[in-house]
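Have a look at the structure below, then the notes.
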Amino acid sequence: MPETIQASIYDFPQYYELLFGSDWRAEFHFLRECFEKHATRKIRKVFEPACGTGRLLLQFAKAGNKVSGNDLNVKAVAYCNERLKKYGFSKSVTVGDMSDFRLKQPVDAAFNTINTFRHLPTEETAEAHLKCMAAALAPGGIYALGLHLLPTRGPHDDEESWIARRGHVQACSRMWSKKVDRKGRMEYLGMTLDIWMPTKHFRIEDEMHYRTYTAVQMSDLLSRVPELEHVATYDFAYDLKKPVKIGPMTQDIVLILRRRA
């Protein structure tokens with residue numbers, strides 16, 4: 520039996536990066552094309568709230584953008600900054616709350632595409648985040664926000680798994696929905712991350728709480744932040760040629776929000 524550690528996966532940025540860090544190309548190219556299509560300004564400065572290990576921030580920096588980000592996890596921030604430094608970029612990520620921050624200068628584009636938004640536990644913190652993002656964006660700038668909606672018709676996707684290898688280290692992760700409290704608007708997710716090395720195998724076990732949003736609830740939230748205009752919606756296929764129309768069965772979405780002038 521492997522050694523089992525009860526901890527947050529975010530406290531192990533090196534393994535998080537191993538698991539998700541190589542899967543960046545489709546998402547990165549989609550975001551670049553999306554910014555070019557929907558922004559009404561040139562994209563120079565890019566920001567990621569709750570950036571974690573900064574897997575995409577690094578790619579934007581390599582592409583010539585000035586990047587910045589924030590995250591509450593001190594270990595993830597340190598890891599991200601060291602990676603930026605390794606490739607010759609400034610340590611531009613800070614410890615901060617995605618629902619309570621202010622940038623020194625506005626940015627041209629921002630993104631948060633992997634459900635991190637749903638970590639915000641209340642309607643108040645979610646609205647505060649969107650208002651922070653509106654303040655962070657220059658007029659005509661774009662915020663790409665990705666999340667899973669809770670469908671009101673049809674099945675609910677309730678399990679995902681990932682596997683990755685680098686050298687002699689292999690990571691295998693599984694995440695599943697343990698419970699959905701529709702009235703309390705909270706989904707409880709279990710997650711395991713198994714790490715195999717030549718002489719060691721251990722498992723990290725975590726539980727995450729994600730606030731739920733139906734299509735109507737998300738629309739209602741967006742209506743309370745009129746500074747951000749909802750200009751397009753895509754899904755996790757990241758195909759700019761195939762925008763989606765949100766309905767009662769829609770689950771994965773990427774909202775394209777543009778800062779009004």
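According to this note's numbering, the sequence shown is numbered sequentially starting from 520. Here a beta-carbon is modelled for each residue, glycine too, at the ideal position from N, C-alpha and C. Since the structure is predicted, the reported quantities are computational estimates derived from the model, not experimental observations.
Residue closest to residue i, alpha-carbon to alpha-carbon, out of the options
i: Asp619; options: Val626, Ala645 and Thr572; result: Ala645
i: Ile528; options: Arg602, Phe721 and Phe630; result: Phe721
i: Thr671; options: Ala734, Arg574, Glu601 and Ala756; result: Ala734
i: Glu522; options: Asp713, Leu759 and Leu577; result: Asp713
i: Phe549; options: Asp771, Leu759 and Ile775; result: Leu759
i: Gln736; options: Leu669, Glu546 and Val565; result: Leu669
i: Val614; options: Glu643, Val565, Lys585 and Gly573; result: Gly573
i: Ala756; options: Val773, Arg743, Leu747 and Ser541; result: Val773
i: Lys697; options: Cys691, Met710 and Arg685; result: Met710
i: Asn592; options: Ala629, Ile775, Thr635 and Tyr606; result: Thr635
i: Asp739; options: Glu643, Pro625, Glu679 and Lys585; result: Glu643
i: Arg685; options: Pro717, Asp677, Gly703 and Leu656; result: Pro717
Bridge partners - residue i, DSSP secondary structure assignment
i: Ser692; result: Trp681 and Leu712
i: Met705; result: Asp700 and Arg730
i: Thr613; result: Asn589
i: Asp725; result: Met710
i: Ala780; result: Ala780 is not bridged to any residue.
i: Gln525; result: Glu724
i: Phe554; result: None; Phe554 has no bridge partner.
i: Tyr798; result: There is simply no residue 798 to check, as the chain begins at 520 and stops at 780 in what is shown.
i: Gly573; result: In DSSP, Gly573 forms no bridge with anything.
Under 8 Å between C-beta atoms of residue i and residue j
i: Pro658; j: Ala558; result: no
i: Pro767; j: Ala751; result: no
i: Arg637; j: Leu666; result: yes
i: Pro640; j: Arg730; result: yes
i: Lys581; j: Asp627; result: no
i: Asn600; j: Val612; result: yes
i: Leu776; j: Leu747; result: yes
i: Leu603; j: Phe566; result: no
i: Gly571; j: Tyr535; result: yes
8 Å Cβ cutoff, residue i in contact with chain D
i: Ser742; result: Included in the structure is just one protein chain, with no chain D present.
CA-to-CA distance, residue j to residue i, given in whole angstroms
i: Arg778; j: Pro745; result: 9 Å
i: Ala569; j: Lys561; result: 24 Å
i: Leu705; j: Lys719; result: Note on residue identity: the sequence assigns Met, not Leu, to residue 705. Taking the straight line from one Cα to the other gives about 36 Å.
i: Leu741; j: Cys553; result: 20 Å
i: Arg551; j: Val688; result: 31 Å
i: Ser587; j: Leu537; result: 22 Å
i: Ile765; j: Leu664; result: 14 Å
i: Tyr732; j: Lys650; result: 18 Å
i: His749; j: His648; result: 16 Å
i: Met652; j: Leu576; result: 17 Å
Uninterrupted beta strand (DSSP E) stretches inside the region 732-778 (no shorter than 3 residues) = 747-753 and 771-778
Can you check the region 585-609 for any alpha helix (DSSP H) of at least 4 residues that lies completely inside it and give the ranges in chain order?
-> 593-605
Quick one: complete alpha helix (DSSP H) runs, 4+ long, within the region 626-656?
-> 642-655
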